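Asker:
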Amino acid sequence: MGCKDKRDRDNNCVCDAVEQILAEQEAVEEITCPTSCYSNLLGPVAGPQRDTIPFILYGKKGELFKAFGNVGGFTGDMTCFQTIFFRVESVEDCCATLSLLRPVDVDGNTLSVCNPCDEDFFGLEKTDFCIEVDLDCFCAIQCLSPELVDRVAEDRKKYHK
970 MGCKDKRDRD NNCVCDAVEQ ILAEQEAVEE ITCPTSCYSN LLGPVAGPQR
1020 DTIPFILYGK KGELFKAFGN VGGFTGDMTC FQTIFFRVES VEDCCATLSL
1070 LRPVDVDGNT LSVCNPCDED FFGLEKTDFC IEVDLDCFCA IQCLSPELVD
1120 RVAEDRKKYH K
C-alpha cells in the first residue's frame, strides 16, 4: 500500500510527470518548454543519441530519495554507490521501475552523491541496477538536463578522437 490514499491516485503530479518522462524517452517530439518535466527534454537540442531524462525525487519532508547500486561490488569497477539520480524504465498504476544512474566525477570515477551540488559531481552513467517505487510516496520531482548522461569533459574529448 502506498503513502497516499488510493482514491487520490488520479491527482498525483509526480506520477503524471514520470509517465510523461517515459513517453518522451520513447518518442521524440517538438520542444515546447525546456525547463519543465512536461516538455520534451530529449528534442533536437539534446542530440539524437540521447534517450534518458535524469531526475531526482523528493519525499514528503523535502528530503532527496536515494538508492544504492552494485551492493556487494559484484559488477564493473566493484564499487558500491549511493545515488539520488534516476531514469524511468516503466510505469504501471503509479508504480515505477527506475534504473539507478551512477554519479561520476570528471575522470569517470564512481561517486556516492547525496547532494546534486556536490563539487565532485560531474555526470551520470546508465546502469542495469533497478528499484521499484510507489510514486504516490513522493511530493516533488525535478528533471535534470539529459546532457548529464555520458558527459565527457572538454579537455578529455581531444583524447577520444
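Residues 970 to 1130 (our numbering) are what the sequence shown spells out, left to right.
Glycine included, each C-beta is placed from N, C-alpha and C at the ideal position.
Here the structure is a predicted model, which means the values were calculated and not measured.
Would you grab the beta carbon distance between Thr1048 and Gly1041 for me? Rounded to a whole angstrom, and I think it's under 8 Å.
Answerer: Locating residue 1048 in the sequence shown gives position 79, counting from the first residue. Locating residue 1041 in the sequence shown gives position 72, counting from the first residue. Actually they do not touch by this definition, with Cβ atoms about 11 Å apart.
Asker: Run through the DSSP bridge pairs and tell me what Pro1072 is partnered with.
Answerer: For the purposes of this step, residue 1072 is taken as residue 103 along the sequence shown, with counting starting at 1. Paired residue(s): Leu1093.
Asker: What are the boundary residues of the alpha helix (DSSP H) that includes Ile1110?
Answerer: For the purposes of this step, residue 1110 is identified with residue 141 of the sequence shown, where counting begins at 1. No alpha helix (DSSP H) contains Ile1110, which is instead part of the beta strand (DSSP E) from Ala1109 to Cys1112.
Asker: For the alpha helix (DSSP H) containing Ala1036, list its first residue and its last residue.
Answerer: Translated into positions along the sequence shown, residue 1036 becomes position 67. Careful: Ala1036 lies outside any alpha helix (DSSP H), inside the beta strand (DSSP E) at Ala1036 to Gly1038.
Asker: I'd like the span of the beta strand (DSSP E) that includes Leu1104, first residue to last.
Answerer: Along the sequence shown, read from residue 1 onward, the residue named residue 1104 stands at position 135. Element bounds for Leu1104: n/a, residue is neither H nor E.
Asker: Where does Ala1133 land, buried or exposed, given buried means 16+ other C-beta within 10 angstroms?
Answerer: Because the chain is modelled from 970 through 1130, residue 1133 falls outside the range shown and cannot be assessed.
Asker: Give me the residue from Val1121, Ile1053, Cys1106 and Leu1067 with the minimum Cα distance to Cys1100.
Answerer: In the sequence shown, residue 1100 corresponds to position 131, counting from 1. Going by the sequence as given, residue 1100 is Ile instead of Cys. Cα-wise, what sits closest to Ile1100 is Leu1067.
Asker: Assuming Glu911 is part of the beta strand (DSSP E), what are its boundary residues?
Answerer: Because the chain here runs from 970 to 1130, residue 911 falls outside it and cannot be looked at.
Asker: Can the beta-carbon of Gly1028 be found closer than 8 Å to that of Leu1069?
Answerer: Numbered from 1 along the sequence shown, position 59 holds the residue referred to as residue 1028. Numbered from 1 along the sequence shown, position 100 holds the residue referred to as residue 1069. No. Outside cutoff.
Asker: Among Asp985, Val1075, Asp1046 and Gln989, which has the Cα closest to the Cα of Thr1096?
Answerer: The residue you call residue 1096 lines up with position 127 of the sequence shown. Minimum Cα distance to Thr1096 is reached at Asp1046.
Asker: Applying the criterion that 16 or more other CB atoms from any shown protein chain within 10 Å of the CB defines a buried residue, is Thr1044 buried or exposed?
Answerer: Residue mapping note: residue 1044 aligns to position 75 of the sequence shown, counting from 1. Burial call: exposed.
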